[in-house]
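159 is the number of the first residue of the sequence shown in our numbering; add one for each residue after it. The beta carbon of each residue, even a glycine, is placed where N, CA and C say it ideally should be.
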Amino acid sequence: MTRLASRKILAALADDSAAAAVLSTSSAIAPLFVATVEALHAGAEDAALADAARGAGVALTAVAESAVGAITRAAAAEDIAAVVIGARGTPAGRHPAGSTAMAVVTSLDKPVVVVPPDASTERGIESVLVPLDGTELSAAALHEVVELATKAALQIVVAHVYQEGSLPAFSDHLPHEVRAWTEEFIARHCPAASEPRLELRVGEPHERVLDILVESHCDLVALGWSQELAGGRAAIVRRMLAESPVPVRLIPVSAESRLALDGADSGDA
């Protein structure tokens, strides 16, 4: 088994405006994994990137290979805990994630943190938003984040969005019932989390989760997903990658992992 002290965060750098944000995010999340950071650039040696990596105290390796191939090959190493990559080179605003980022997140079987070019992690990672919709995918993301939070004292903010037709019924004793329902929701869906905060909204999940993120001032978003984008799937993932002002941590959840998680949950019960 790989020792925790030998774990590494792989910062995938491109010669664009996202490089600085990728380096700072990698350094910010490394303590969560008790890991060090190493950087990779696919292409010719770049003096500006080398200077940026040196300034961040990170060793940079340049390889003459396609970006996707180089990243996936390097990430296959056992000691790589996560990959950090820029969402795109363009500045803030509504821009879909670039082709390299999308190829990596849909193919790599390890967590990938996708960073918008203007993301700021100067204060480190203190809080994380976890959208929870009752599926195995969101439960897997929460399970993973709870493990990190236990070690790093992260504030966990759980976001749950009801669509109009699925609101629970409440009587005239609204404050009491809402409080009781909230406590039951947390006990059922995130019993291992230490004092999580629940944020409830009504509307379309892919729209309202972004609102919760902005209002909660979280430093990171964690999403479990099946790495499938066909047929309009992963609407929240798409929206977060295009518009999130903070890094987005995508946790791939295979069918086998989902079955194992279900088994673990059943055992705990």
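In terms of Cβ geometry, Arg165 and Ala193 form a close pair [threshold 8 Å].
The beta carbon of Thr340 lies closer than 8 Å to those of Leu356 and Leu358 in the same chain, with the five residues before and after it left out. Taking a contact to require three or more Cβ pairs closer than 8 Å, the stretch 403–410 and the stretch 257–271 qualify as touching. Distance from the Cα of Glu305 is smallest, within the candidate group Pro275, Leu181, Glu294 and Ala380, for Ala380. The C-beta distance from Pro363 to Val319 rounds to 4 Å, short enough to meet the 8 Å contact threshold. Scanning Ala197, Phe191, Leu190 and Ala188 for the CA closest to the CA of Ala178 turns up Ala197. A straight line joining the alpha-carbon of Asp209 with that of Glu203 spans about 11 Å.
Taking C-beta separations shorter than 7 Å and ignoring five residues to either side along the sequence, the partners of His253 in its chain run Arg246 and Ala400, following chain order. For Val262, the secondary structure class from DSSP, reduced to helix, strand or coil, is helix. Residue burial is scored here from C-beta neighbours: Arg366 has at least 16 other C-beta atoms within 10 angstroms and is therefore classed as buried. In the structure shown, Arg337 adopts helical secondary structure according to DSSP, grouped into three states. By alpha-carbon distance to Leu371, the top candidate from Gln321, Ile344, Val316 and Ile243 is Val316. For Met398, the CB contacts under 6 Å within the same chain, skipping 5 residues up- and downstream, are Val379 and Val406 in chain order. As summarised for the stretch 340–395, the continuous alpha helix (DSSP H) elements at least 4 residues long and confined to that stretch are 363–374, given in chain order. Taking C-beta atoms as the reference points, Ala206 and Leu181 fail to come closer than 8 Å. Per DSSP, the continuous alpha helix (DSSP H) segment holding Gly213 begins and ends at Ala205 to Gly213.
Beta-carbon to beta-carbon, Gln385 and Thr230 are separated by about 13 Å, too far to satisfy the 8 Å threshold. Taking 8 Å as the cut-off, the beta carbon of Val286 is found closer than this to the beta carbon of Ile314. Residues of the same chain with a CB within less than 7 Å of the CB of Ala228, apart from the 5 flanking positions on each side, are Leu198, Ala200 and Val221 in chain order.
Around the CB of Thr183, 16 or more other CB atoms lie within 10 Å, so the residue is classed as buried. Between Gly282 and Asp377, the alpha-carbon positions lie close to 8 Å from each other. The stretch 263–329 contains, as complete beta strand (DSSP E) runs of 3+ residues, the segments 270–273, 285–289 and 313–320 (chain order).
Within the stretch 171–208, the alpha helix (DSSP H) runs of at least 4 residues that lie entirely inside it are, in chain order, 177–191. DSSP lists Val273 as the beta-bridge partner residues of Gly244.
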